[in-house]
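Chains as they are written, first to last, in the UniProt record's numbering: chain S, 1 to 283; chain Y, 1 to 283.
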């Protein structure tokens with residue numbers, strides 16, 4: 001039976017570190033604050049906002065909300081971005097996307113200061129991930145994968161890591177972060193030939209294919225660590241990952257469940273970024 | 001005997017395309033122009049400048065030089081960057097680096113407009129490479145590798161490509177460009193264990209290790225295409241690549257020589273970028 005890599009354990013450990021950092025900041029008179037920019041009332045956004053707000057509350061991080069009507073003009077939205085950029089009391093900013101179609105999302109992203117970009121969406125943050133520098137912040141999901149590896153003491157140096165998926169939000173940044181951890185990294189995608197033969201050679205497999213159950217027992221081998229980034233709803237209406245858990249789990253050494261894996265870590269990563277952003281202002 | 005992938009053949013084909021594009025631009029009254037910003041008189045810079053200027057001349061691209069003394073102030077240099085940014089008659093800019101130590105190179109790079117960044121050094125260009133979009137321009141050396149593959153009809157889709165080296169100027173961008181070409185890409189580096197076992201599995205190997213002769217016959221297998229990015233000087237004072245040509249060439253299917261391989265293509269790529277930058281202004 002594989003070891004379960006549990007998101008809540010990783011999040012709990014992260015939360016302890018974050019709390020200690022928040023205390024350190026408050027002792028210096030700094031109140032770490034997340035600014036949330038939301039346009040409209042999309043249920044997914046509201047749900048994520050509730051989770052993030054709750055996590056911020058628990059960890060002593062303030063939340064300031066900038067709620068705009070679904071028909072907000074570009075000018076009003078840009079003015080809001082200027083406001084959060086200029087407000088020294090807001091350390092990190094989360095902008096819900098996609099924005100309604102009448103808005104120029106690229107211009108909004110371009111306007112946000114990378115040093116407040118705790119969600120890793122600006123050019124500055126992307127270059128930080130690509131170059132392996134501390135410019136901006138990496139997107140929360142791939143970093144959550146790294147936090148899981150770190151928490152469970154899985155050293156990547158010299159290991160073979162395979163990333164399934166080449167998206168800009170997960171696959172590519174995850175690959176760059178694994179390279180920084182000295183893994184030999186292979187990126188697979190829909191055009192890869194005989195993917196099972198590639199993934200079976202890995203020590204660590206990060207699956208961000210975006211399709212339910214695409215990685216089955218033929219893709220894995222004993223001794224492997226499998227991190228499942230997928231969040232899908234199956235035919236029975238249940239949450240499931242990109243990995244066929246029931247048949248893969250008996251083969252491998254360690255695996256993240258869905259739900260309860262990567263997804264349970266991302267909010268803590270986000271709040272950790274806000275606190276880190278606040279700490280960088282006094283460095 | 002392996003097929004030699006000759007840089008001069010690739011450059012000749014690129015030059016024909018560039019010339020046609022230059023004619024098209026001139027018919028519209030646009031005179032594609034490269035701005036060169038050079039601080040001091042470093043021999044390497046002068047040598048590259050001569051090559052680039054000559055190539056521009058041959059292809060009908062103008063060159064405007066901004067030559068600054070080695071003790072130029074940051075303010076003067078930044079004013080020069082502003083000037084080339086604002087000058088509509090300059091389409092691409094090459095800044096020689098590293099700059100003298102008293103100058104803030106990061107600030108200079110940040111100031112340059114990505115749309116004129118024909119050498120791929122700005123954040124905007126890097127994000128373009130990482131995201132696979134047409135923002136800015138990729139660095140010339142990894143693109144020269146892709147031009148060689150394209151010229152010789154080597155399709156990457158579904159192929160296994162291994163990049164040796166994880167630098168920000170060659171290894172990482174080459175990997176991103178190969179992913180865009182639908183290859184399954186592995187990035188190796190100094191911390192990779194048993195690198196020969198990894199590179200032997202590849203269909204295409206791009207070597208950017210930065211060390212003479214590090215890839216020998218044990219790293220390769222029949223049927224492979226090997227692109228050698230290295231430029232080193234060996235004990236006898238001769239130019240040589242990162243690949244041990246004499247012992248690797250008899251094993252593989254196709255290989256670039258050094259000199260005469262990748263290095264012979266980069267100047268044409270640079271000039272091609274200037275012309276592309278000029279074309280983008282009228283799109």
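Every residue gets a Cβ at the ideal spot worked out from N, C-alpha and C, and that includes glycine.
Using a Cβ-Cβ cut-off of 8 Å, state whether residue 130 of chain Y counts as contacting chain S.
What you label residue 130 of chain Y is simply residue 130 of the second chain in a count that begins at 1. Yes, residue 130 of chain Y lies at the interface with chain S (some Cβ there is under 8 Å from its Cβ).
Which parts of the segment 92-120 of chain S are runs of the alpha helix (DSSP H), unbroken and 4 residues or longer, counting only runs that do not cross its ends?
List check, alpha helix (DSSP H) in window: 105-111.
Counting only beta-carbon separations shorter than 8 Å, does residue 145 of chain S have a partner in chain Y?
In the first chain, counting from the first residue as 1, residue 145 of chain S sits at position 145. Answer no: the Cβ-Cβ gap between residue 145 of chain S and chain Y never drops below 8 Å.
Would you mind working out which of S:218, S:213, S:224, S:227 sits nearest residue 238 of chain S, comparing C-alpha positions?
In the first chain, residue 238 of chain S corresponds to position 238, counting from 1. Selected option, being the one with the closest Cα: S:213.
For residue 125 of chain Y, count neighbouring Cβ atoms within 10 angstroms of its own Cβ and tell me buried if that reaches 16, exposed if not.
Taking the first residue of the second chain as 1, we reach residue 125 of chain Y at position 125. Under this definition residue 125 of chain Y is a buried residue.
By how many angstroms is the C-alpha of residue 96 of chain Y removed from the C-alpha of residue 45 of chain Y?
As a working note, residue 45 of chain Y is residue 45 in the second chain. As a working note, residue 96 of chain Y is residue 96 in the second chain. Approximately 7 Å between the Cα atoms of the pair.
Measuring CB to CB, does residue 241 of chain Y end up less than 8 Å from residue 258 of chain Y?
Here residue 241 of chain Y corresponds to residue number 241 of the second chain, with the count starting at 1. Here residue 258 of chain Y corresponds to residue number 258 of the second chain, with the count starting at 1. Yes, Cβ-Cβ distance for residue 241 of chain Y and residue 258 of chain Y is below 8 Å.
For residue 118 of chain Y versus residue 11 of chain Y, is the C-beta distance shorter than 8 Å?
Position 118 of the second chain, counted from the start, is the residue given in the question as residue 118 of chain Y. Position 11 of the second chain, counted from the start, is the residue given in the question as residue 11 of chain Y. Not in contact: residue 118 of chain Y and residue 11 of chain Y (Cβ atoms no closer than 8 Å).
How far does the alpha helix (DSSP H) with residue 8 of chain S in it reach, from first residue to last?
Taking the first residue of the first chain as position 1, residue 8 of chain S is located at position 8. Here the alpha helix (DSSP H) through residue 8 of chain S covers 7-27.
Considering only their Cβ atoms, is the gap separating residue 161 of chain Y from residue 204 of chain Y smaller than 8 Å?
For the purposes of this step, residue 204 of chain Y is taken as residue 204 along the second chain, with counting starting at 1. For the purposes of this step, residue 161 of chain Y is taken as residue 161 along the second chain, with counting starting at 1. Yes, these two residues count as a Cβ contact at 8 Å.
For residue 119 of chain S, go through chain Y and note every residue whose CB falls closer than 9 Å to its CB, in chain order.
In the first chain, the residue the question calls residue 119 of chain S occupies position 119. Per Cβ cutoff of 9 Å: no residues; residue 119 of chain S is ~16 Å from chain Y at best.
What's the gap between the Cα of residue 196 of chain S and the Cα of residue 56 of chain Y?
Position 196 of the first chain, counted from the start, is the residue given in the question as residue 196 of chain S. Position 56 of the second chain, counted from the start, is the residue given in the question as residue 56 of chain Y. So the alpha carbons of these two residues sit roughly 48 Å apart.
So, at 6 Å on beta carbons, what are the nonlocal neighbours of residue 248 of chain S in its own chain, with the 5 sequence-adjacent residues on each side left out?
On the first chain, position 248 is the one that residue 248 of chain S refers to. Correct list, in chain order: 217, 220.
Under 8 Å, Cβ to Cβ, is there at least one residue of chain S near residue 302 of chain Y?
Here chain Y has residues from 1 to 283 only, and residue 302 of chain Y is not among them.
Return the CA-CA distance between residue 64 of chain Y and residue 35 of chain Y, expressed in angstroms with no decimal places.
Within the second chain, residue 64 of chain Y is the residue found at index 64, counting from 1. Within the second chain, residue 35 of chain Y is the residue found at index 35, counting from 1. Cα-Cα distance, rounded: 5 Å.
What does DSSP give as the partner residues of residue 64 of chain S in its beta bridges?
Reading the first chain from its first residue, position 64 is the one you call residue 64 of chain S. For residue 64 of chain S, which the question treats as bridged, DSSP gives the partners S:35.
Would you mind reading off the limits of the alpha helix (DSSP H) that contains residue 248 of chain Y?
For this step, residue 248 of chain Y is matched to residue 248 along the second chain. Counting along the chain, the alpha helix (DSSP H) containing residue 248 of chain Y begins and ends at 245-248.
Apart from the five residues just before and just after residue 262 of chain S, which ones in its own chain have a Cβ nearer than 8 Å to its Cβ?
Within the first chain, residue 262 of chain S is the residue found at index 262, counting from 1. Closer than 8 Å at Cβ, skipping near neighbours: 7, 141, 144, 145, 148, 227, 228, 229, 256.
For chain Y, check one thing: does any of its Cβ atoms lie closer than 8 Å to the Cβ of residue 185 of chain S?
For the purposes of this step, residue 185 of chain S is taken as residue 185 along the first chain, with counting starting at 1. Yes, contact with chain Y.
What is the C-beta distance between residue 53 of chain Y and residue 90 of chain Y, in whole angstroms, given that I count them as a contact (C-beta under 8 Å)?
For this step, residue 53 of chain Y is matched to residue 53 along the second chain. For this step, residue 90 of chain Y is matched to residue 90 along the second chain. About 15 Å; that fails the 8 Å criterion.
Who are the near neighbours of residue 163 of chain Y in its chain, counting only those whose CB is closer than 6 Å to its CB and skipping five residues on each side?
Walking along the second chain from the start, residue 163 of chain Y turns up at place 163. 171, 174, 175, 187, 206, listed in sequence order.
DSSP puts residue 184 of chain Y in a beta bridge; with which residues?
Residue mapping note: residue 184 of chain Y aligns to position 184 of the second chain, counting from 1. DSSP output for residue 184 of chain Y lists Y:160 as bridge partner(s).
Answer with buried or exposed for residue 21 of chain Y, where buried requires no fewer than 16 other C-beta atoms within 10 angstroms of its C-beta.
Translated into positions along the second chain, residue 21 of chain Y becomes position 21. By the neighbour-count rule (16 or more Cβ atoms within 10 Å), residue 21 of chain Y is buried.
With 8 Å set as the bound, which would you pick, yes or no: does the beta-carbon of residue 266 of chain S sit closer than that to a beta-carbon of chain Y?
Position 266 of the first chain holds residue 266 of chain S. Not one chain Y Cβ lies under 8 Å of residue 266 of chain S.
Using 8 Å as the limit for Cβ to Cβ distance, is residue 26 of chain S near chain Y?
For this step, residue 26 of chain S is matched to residue 26 along the first chain. No, residue 26 of chain S does not count as interfacial toward chain Y.
What are the boundary residues of the alpha helix (DSSP H) that residue 45 of chain Y is part of?
What you label residue 45 of chain Y is simply residue 45 of the second chain in a count that begins at 1. Note, residue 45 of chain Y: alpha helix (DSSP H), 43-59.
So which residues on chain Y does residue 123 of chain S lean against when the C-beta distance must stay under 7 Å?
The residue you call residue 123 of chain S lines up with position 123 of the first chain. Near residue 123 of chain S (Cβ distances below 7 Å), the residues of chain Y are 123, 124, 127.
Give every residue of the same chain whose Cβ lies closer than 8 Å to the Cβ of residue 111 of chain S, excluding the five residues on either side of it in the sequence, and list them in chain order.
Position 111 of the first chain, counted from the first residue, corresponds to residue 111 of chain S. So the list reads 78, 81, 82, 85, once near-sequence residues are dropped.
Does residue 6 of chain S have its Cβ less than 8 Å from a Cβ in chain Y?
On the first chain, residue 6 of chain S is found 6 positions in, with the first residue counted as 1. Judged by the 8 Å Cβ criterion, residue 6 of chain S is not in contact with chain Y.
Alpha carbon to alpha carbon, how far is residue 177 of chain Y from residue 303 of chain Y? Give it in angstroms, no decimals.
The first residue shown for chain Y is 1 and the last is 283, placing residue 303 of chain Y beyond what the model contains.
Looking only at C-alpha atoms, which of S:38, S:9, S:60 sits nearest to residue 31 of chain S?
Stepping through the first chain from its first residue, residue 31 of chain S is reached at position 31. The residue with the shortest Cα to Cα distance from residue 31 of chain S is S:60.
Near residue 103 of chain Y, which residues of its chain fall below 8 Å by C-beta distance, leaving aside the five closest residues on each side in sequence?
By 1-based counting over the second chain, the position of residue 103 of chain Y is 103. Contacts found: 39, 72, 74, 77.
Below 7 Å on C-beta distance, what does residue 172 of chain S contact in chain Y?
Within the first chain, the letter at position 172 stands for residue 172 of chain S. Those within 7 Å of residue 172 of chain S in chain Y are 130.
Based on the DSSP secondary-structure assignment, which residues constitute the bridge partners of residue 70 of chain S?
Along the first chain, read from residue 1 onward, the residue named residue 70 of chain S stands at position 70. Partner(s): none; residue 70 of chain S has no beta bridge.
Are residue 18 of chain S and residue 252 of chain S touching if we call contact CB-CB under 8 Å?
Translated into the one-based positions of the first chain, residue 18 of chain S becomes position 18. Translated into the one-based positions of the first chain, residue 252 of chain S becomes position 252. Not closer than 8 Å, so no.
Taking Cβ to Cβ, would you say residue 179 of chain S is nearer than 8 Å to residue 225 of chain S?
Here residue 179 of chain S is taken as the residue at index 179 of the first chain, counted from 1. Here residue 225 of chain S is taken as the residue at index 225 of the first chain, counted from 1. No, Cβ-Cβ distance for residue 179 of chain S and residue 225 of chain S is not below 8 Å.
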